[in-house]
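A.B. asks: Each residue of the sequence shown is one higher than the one before, counting from 4 in our numbering.
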Amino acid sequence: MAQLTILRYPDARLMKPSEPVEVFDENLARLVADMGETMYKAPGVGLAAPQVNVRRRIIVLDTSENKDQLMVLINPEIIETSEEKKLYEEGCLSLPHIYEKVERPARVKVKAQDIHGNWFEVEGDGLLAVCLQHEIDHLKGTVFVDYLSPMKRNRIKTKLLKEEREIKKAAAAGNHAAKKGKKVKK
């Protein structure tokens, strides 16, 4: 298994819709295993394939207390939502350290395929309902900040772009010092 690189918002690749999975083979199983490992190490409770630059309709999630119940949903579709809505504070591995409240249906029913292509349904409320909706949004090219006001979204985008510049600047300084044989303070 390999840990995958998670794209950071506002990377344009996060905004592209995903294609359905049509081939259920060992490559798919390997990708799902890598996605699970990446999600757990991040650490997170859900990860969609577009977040690791794979434009396929695949999500993994684990909302269990012990983080030992990996759910794999391939080609997931929400088939039913409750009329009742709830506000939940959401975060995202593609938007590190950003948390905002988003209103979503309190309960959902999803149909999906497993890694062998067999269809199944899952129903959830609470954190599971939020995760299912959040990760399926990624497959459509939607990020949770798209539900926020333009002002909040722009503020978050500016903050993350500034962080990215600082990370690149620090990495460049480290590379420059390494080439000169100097030690870099960390």
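Backbone N, C-alpha and C fix where the C-beta goes; we use that ideal spot for every residue, glycine too. Everything numeric in this text was worked out from a predicted model, so none of it was measured.
On the DSSP letters alone, give me the boundaries of the alpha helix (DSSP H) that leucine 142 sits inside.
C.D. replies: Start at 1 with the first residue of the sequence shown, and residue 142 comes out as number 139. It spans 129–143 - the alpha helix (DSSP H) in which leucine 142 sits, taken as one unbroken run.
A.B. asks: Helix, strand or coil: which one does DSSP assign to phenylalanine 123?
C.D. replies: Start at 1 with the first residue of the sequence shown, and residue 123 comes out as number 120. DSSP places phenylalanine 123 in strand when its eight states are reduced to three.
A.B. asks: Counting Cβ pairs, one atom from each stretch, are 3 or more of them under 8 angstroms apart for the segment 29–39 and the segment 84–103?
C.D. replies: No, the segment 29–39 does not touch the segment 84–103.
A.B. asks: Going by the DSSP bridge assignment, what does proline 108 pair with across the sheet?
C.D. replies: In the sequence shown, residue 108 corresponds to position 105, counting from 1. The partner list for proline 108 (beta bridge, DSSP) reads Lys88.
A.B. asks: Could you check whether serine 97 and glutamine 136 sit closer than 8 angstroms to each other, using their CB atoms as the reference points?
C.D. replies: Translated into positions along the sequence shown, residue 136 becomes position 133. Translated into positions along the sequence shown, residue 97 becomes position 94. Cβ atoms of glutamine 136 and serine 97: not closer than 8 angstroms.
A.B. asks: How about alanine 175: is its Cβ closer than 7 angstroms to a heavy atom in the ligand ADP?
C.D. replies: As presented, the structure is devoid of all ligands, the ligand ADP included, so that no description of it is given.
A.B. asks: Quick one: Cα of aspartate 148 to Cα of valine 26, how far?
C.D. replies: Against the sequence shown, residue 148 aligns to sequence position 145. Against the sequence shown, residue 26 aligns to sequence position 23. For the record, residue 148 in the displayed sequence is valine; it is not aspartate. Roughly 32 angstroms between the two C-alpha positions.
A.B. asks: May I ask you to list the residues that DSSP assigns as paired with arginine 59?
C.D. replies: Here residue 59 refers to the residue found at position 56 when the sequence shown is read from its first residue. The partner list for arginine 59 (beta bridge, DSSP) reads Glu22.
A.B. asks: Less than 8 angstroms between the C-beta atoms of leucine 73 and isoleucine 62, yes or no?
C.D. replies: By 1-based counting over the sequence shown, the position of residue 73 is 70. By 1-based counting over the sequence shown, the position of residue 62 is 59. No, these two residues do not count as a Cβ contact at 8 angstroms.
A.B. asks: So does the segment 127–134 actually touch the segment 103–116, counting three or more Cβ pairs closer than 8 angstroms?
C.D. replies: Result yes; three or more Cβ-Cβ pairs closer than 8 angstroms.
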